[in-house]
Amino acid sequence: MRRDSRLKTITEALQTGPGTNRRAVRIWGRASFAVEDDGGVGNVWTADVHDLAVHVYTRLYGRPDTTPEKSPVAQAEDAKRRRDLAGEIDVLMSASADLESAPWHPARPGDIVHLHYEAAGSEAAMGETYLVERGEHDGFFNLRLLAQSHPQGEKFEGSAGVFACEDRLNPLAEMWMEAGPHRLTIVRDGRVVYNGGAR
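For the record, in the sequence shown the residue sitting at position 92 is 1054 according to our numbering, with numbers rising by one throughout.
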């Protein structure tokens, strides 16, 4: 699902309210014509914080886009299923051009790449952290797994570290295309130079 900082801000404002550090789950309100003597008869409304935040957001900005984001490879697979060869090629070429035209591209030794996986089915959300290192040959790079945060920790035998690679001209290309740019955060010299989750 696409993240929108405006919706998140509205949700947080409704959860905390002014001058309190307790988090609300539901909000109660009174009709504008209600008087204190009426009590709660017929003039009280309730809403879940998230539902109310979506309502406020929709009134201000239009309906939020809640379609799940997909990686370029997943989008190309969708186009392939539709037998849309031009769409398939366009998705892959556009994603490659987006990566290569990014102001922080190409990767540099010392870049840290965080990859976030959302919870899916019975799998919990998890993340992986990679380090870009110099490769064996000049102009080539390695991508080394530093850490992963799967709930099973070191016992996890799944795909942790699947994007680790050696001696690649563009060590981020496979991760960008298969996992998707929306799941990546890239840190260079202690600063975030790309935050895909904020798109």
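Note that beta-carbon positions come from the ideal geometry of N, C-alpha and C, so glycine has one too.
Among the options, whose alpha-carbon lies nearest the alpha-carbon of residue i?
{"i": "Gly1123", "options": "Leu1047, Gly1089 and His1012", "result": "Gly1089"}
Taking the beta carbon of residue i as the centre, do at least 16 other beta carbons fall within 10 Å, making it buried, or is it exposed?
{"i": "Ser1063", "result": "exposed"}
{"i": "Trp1007", "result": "exposed"}
{"i": "Tyr1092", "result": "buried"}
{"i": "Pro1133", "result": "buried"}
{"i": "Ala1141", "result": "buried"}
{"i": "Arg988", "result": "exposed"}
{"i": "Asp1073", "result": "buried"}
{"i": "Leu1022", "result": "exposed"}
{"i": "Arg968", "result": "exposed"}
Go ahead and pull the three-state DSSP assignment for residue i.
{"i": "His1078", "result": "strand"}
{"i": "Arg1021", "result": "helix"}
{"i": "Pro1030", "result": "coil"}
{"i": "Val1124", "result": "coil"}
{"i": "Asp1073", "result": "coil"}
{"i": "Pro1068", "result": "coil"}
May I ask you to list the residues that DSSP assigns as paired with residue i?
{"i": "Phe1103", "result": "Arg1096 and Arg1130"}
{"i": "Gly991", "result": "Trp1007"}
{"i": "Val1035", "result": "Bridge partners of Val1035: none, in fact."}
{"i": "Gln1110", "result": "Glu1090"}
{"i": "Glu1085", "result": "Ala1082"}
In terms of residue numbering, what span does the beta strand (DSSP E) encompassing residue i cover?
{"i": "Ala1009", "result": "Val1006 to Asp1010"}
{"i": "Val1155", "result": "Arg1153 to Asn1157"}
{"i": "Val1149", "result": "Leu1146 to Arg1150"}
Hey, quick one: how far does the alpha helix (DSSP H) through residue i stretch, first residue to last?
{"i": "Arg968", "result": "Ser967 to Thr978"}
{"i": "Gly1049", "result": "Leu1047 to Glu1062"}
{"i": "Trp1138", "result": "Ala1135 to Glu1140"}
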